[in-house]
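Heads up: the sequence shown runs through residues 12 to 256, numbered per my numbering. Please read the structure below before turning to the comments.
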Amino acid sequence: MGTIKLTIAYEGTEFSGYQRQAQGERTVQGELEKALQRLTGQVPKLIAAGRTDAGVHAKGQVVSFTSTARIPVDRWPAALNANLPPDIIVYQAEAVPSSFHARYSAKTKTYQYIVSRRRWPDLFLRRFSYHYPYALNVAKIREAAAALVGEHDFKGFAAAGSPVVTTVRRLERVAVEEVGEELYFTLTGNGFLYKMVRNIVGTLLLVGSGKAEPTLVREILDRGDRRAAGPTAPPQGLTLMSVEY
Numbered sequence: 012m013g014t015i016k017l018t019i020a021y022e023g024t025e026f027s028g029y030q031r032q033a034q035g036e037r038t039v040q041g042e043l044e045k046a047l048q049r050l051t052g053q054v055p056k057l058i059a060a061g062r063t064d065a066g067v068h069a070k071g072q073v074v075s076f077t078s079t080a081r082i083p084v085d086r087w088p089a090a091l092n093a094n095l096p097p098d099i100i101v102y103q104a105e106a107v108p109s110s111f112h113a114r115y116s117a118k119t120k121t122y123q124y125i126v127s128r129r130r131w132p133d134l135f136l137r138r139f140s141y142h143y144p145y146a147l148n149v150a151k152i153r154e155a156a157a158a159l160v161g162e163h164d165f166k167g168f169a170a171a172g173s174p175v176v177t178t179v180r181r182l183e184r185v186a187v188e189e190v191g192e193e194l195y196f197t198l199t200g201n202g203f204l205y206k207m208v209r210n211i212v213g214t215l216l217l218v219g220s221g222k223a224e225p226t227l228v229r230e231i232l233d234r235g236d237r238r239a240a241g242p243t244a245p246p247q248g249l250t251l252m253s254v255e256y
């Protein structure tokens, strides 16, 4: 039995998230399991680096599983892609030690959130960005974002519904870049809480619109009160870019 590590991408628009759902909703995990069953006659236990929500995308999601199938490791991507729907692509397969765990072996993950500031929605960005056609003070957004870097208790930026041992996480990078009329938020950290990135972006937009001061981010970190943070930004702007091991 060997352990296989897959690097995959998917457009999350038509999925009810990565994780298999109790009511049989369409999920990334469910489609991967169907493809693997067609190939091997078995449904292995899939372990993902992160369980993205409904509507959230991935360019560099990592999934691991063990298999007894006699398929050369370099053939897994082609074999799986031939059995997967067009909104999931397997880019790479690697043989890894049995101790490898897609989630617990990860050192950092990088997420990106795109905000489109165009007057009218861009038809070719609408599934991958949040249309926000309002004036934003980017300097104030960057000032607020700087307080997020480092190790903090991010309880105030977490949504309810996902029990964790600790809400302390370390963000190594929080970048805010202007690319044309789009604003790119890129966050790299050792872990992320449920809806943490979307709650952070919603709060930074609150600051950028002038409805709150940059000091709000530090206050939320200190108080741990989700009610003090901004609204949760919608899912379509978020993409899991990469996982580092």
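Every residue gets a Cβ at the ideal spot worked out from N, C-alpha and C, and that includes glycine.
With contacts defined by Cβ atoms closer than 8 Å, L198 and V126 do not form a contacting pair. A straight-line Cα-Cα distance of about 26 Å links V54 and Y256.
If you draw a straight line from the Cα of H112 to the Cα of T14, it comes to about 9 Å. Shortest Cα-Cα distance from D233 to any of H163, I99 and A65 involves H163.
In this structure, P246 lies near V67, with their beta-carbon atoms less than 8 Å apart. Take the alpha-carbon of T250 and the one of A93: they are about 24 Å apart. The beta carbons of Y145 and S220 sit about 6 Å from each other, so the pair counts as a contact at 8 Å. Below 8 Å, too few C-beta pairs join the stretch 114-131 and the stretch 37-51 to call them touching: fewer than three. In this structure, I58 and F76 form a Cβ contact; the two beta carbons are roughly 7 Å apart against a cut-off of 8 Å. Straight across, the Cα-Cα distance linking L91 with Q34 is about 25 Å.
For L182, the enclosing beta strand (DSSP E) starts and ends at V179 to V190. As the crow flies, the alpha-carbon of A158 is around 13 Å from that of V218. In its own chain, leaving out the 5 sequence neighbours on each side, no residue places its CB closer than 7 Å to the CB of A150. Residue pairing by DSSP places H163 opposite R180 in a beta bridge.
Ranked by how close their Cα comes to the Cα of A169, the residues T214, E183, I82 and R86 have T214 in first place.
Excluding its 5 nearest sequence neighbours in each direction, K206 has C-beta neighbours in its own chain below 6 Å: A170 and T243, listed in chain order.
At the C-beta level, Y122 and F26 stay beyond 8 Å of one another. For T121, the enclosing beta strand (DSSP E) covers residues T119 to S127. Annotation for I15: the continuous beta strand (DSSP E) segment containing it runs G13 to Y21. The distance from the Cβ of Y102 to that of A20 is about 6 Å, consistent with a contact at the 8 Å cut-off.
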